[in-house]
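Colleague: Residue numbers (this note's numbering): 3 to 347.
1) What's the call for residue 184, buried or exposed, on a 16-neighbour Cβ count within 10 Å?
2) Less than 7 angstroms between the beta carbons of residue 224 and residue 198, yes or no?
3) For residue 292, which residues of its own chain have a beta-carbon under 6 angstroms away from its beta-carbon, when the five flanking residues on both sides are left out?
4) Does residue 115 come out as helix, strand or coil in the three-state DSSP assignment?
5) How about residue 292: is its C-beta nearer than 7 angstroms to some C-beta of chain C?
6) Beta-carbon separation of residue 194 and residue 227 under 7 angstroms?
7) If I follow the unbroken beta strand (DSSP E) through residue 311, where does it start and stop?
8) Which full runs of the beta strand (DSSP E) of 3+ residues lie inside the segment 190-246, going along the chain?
9) Return yes when the Cβ of residue 219 is within less than 7 angstroms of the Cβ of residue 200, no when it is not.
10) I'd like the list of long-range same chain contacts for residue 79, defined as Cβ closer than 6 angstroms, with 5 residues on each side in sequence excluded.
11) Which stretch, first to last residue, makes up the beta strand (DSSP E) that contains residue 75?
12) So, at 8 angstroms on beta carbons, what are the nonlocal neighbours of residue 139 in its own chain, with the 5 sequence-adjacent residues on each side left out?
13) From the DSSP output, which residues share a beta bridge with residue 144?
14) Quick one: what's got a C-beta closer than 8 angstroms to residue 180's C-beta in the same chain, skipping five residues either side?
15) In chain order, what residues of the same chain lie with their CB nearer than 7 angstroms to the CB of residue 3, ignoring the 5 residues before and after it?
16) In this structure, does DSSP put residue 68 in helix, strand or coil?
17) Between which two residues does the beta strand (DSSP E) harbouring residue 170 extend?
18) Determine, using beta carbons only, whether residue 177 and residue 213 come nearer to each other than 7 angstroms.
19) What's the call for residue 296, buried or exposed, on a 16-neighbour Cβ count within 10 Å?
20) Whole angstroms is fine: what's the gap from residue 353's alpha carbon to residue 207's?
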């Protein structure tokens, strides 16, 4: 890739505003927003106007035919991902697709294999592992501070009204595992390794939701580690720590605990140290979303640099397929009440 790269964003809705801000911030990395696309003309035109983008489209095919695009960021509803990604990789355009990767595991497999066959980089915008507190935990694990983790708990529990900004989620028959489970399962994989098998129980605690709004999973990792992975939009906690992920990890040398308010506790050989790795509030961001919003920039920057270096991103399609396979296994386990092994690519 050349030093300058023209980026196009497909989808200009609720969460896409964070992506648009992120790409604008990454102008320092040679990024130029060259086009936006949304089936809602008013949203596309508003994004073009607000982010000084020269072209706005309502049709992806037209945009692909007219524009010279170095990287495309798909930030649309999950049921559209496969069709759009197959078009972009067929054009040879390095592509990022918003999580969840696909509508089902078959879609994820089709996109991954199509990109691989075409030799086109494809990554999933999985941003939780790029949140500053979680990046700090990754750094500590790579330093071997507590040794190889043997047990963990990854927990995202809230009663935040997610339906207000994304009302369509209430109609999803597969809900919290696909919406939140992909995040916490991905973190569990990143910290404790690949999953041998898992068991899961789901609940629908909000009668207005068609799908499950609570999932509790236990994972057995291939290296022998065990993790408890939890996600819900039906918690009643006071105070509610949304949008924080709470984490506990134990290894042979000690433990790492990420508590509420981004208080990080590292206990090694009887000595406890504390840190507070909370993101600054970016000029376009706002609390309590600021940690998530900063992670969008970090995720985009990581993927951009990986693509430019000719390397697979940490959240490549092949890697994220493994996360989505865990989510699919969770649904199967909840239905069968048996342990399920995630499918391989």
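For glycine and all other residues, C-beta sits at the position ideal for the given N, C-alpha and C.
Modeller: Taking the geometry as given:
1) buried
2) yes
3) 281 and 283
4) helix
5) No chain C is part of this structure, which consists of one protein chain only.
6) yes
7) Per DSSP, residue 311 belongs to no beta strand (DSSP E); it is in the alpha helix (DSSP H), 292-311.
8) 197-205, 216-223 and 228-234
9) yes
10) none
11) 73-76
12) 193, 249, 251, 258, 260 and 266
13) Answer is none; residue 144 lacks a bridge partner.
14) 80, 102, 174 and 329
15) Note on residue 3: pLDDT 45, under 50, position unreliable in the model; the coordinate value appears next. Once the five neighbours on either side are set aside, the close Cβ partners of residue 3 are 72, 309 and 310.
16) helix
17) Premise fails: residue 170 is in no beta strand (DSSP E) and is neither H nor E.
18) yes
19) buried
20) In the structure displayed, the chain extends from 3 to 347; residue 353 sits before or after that span and is not available.
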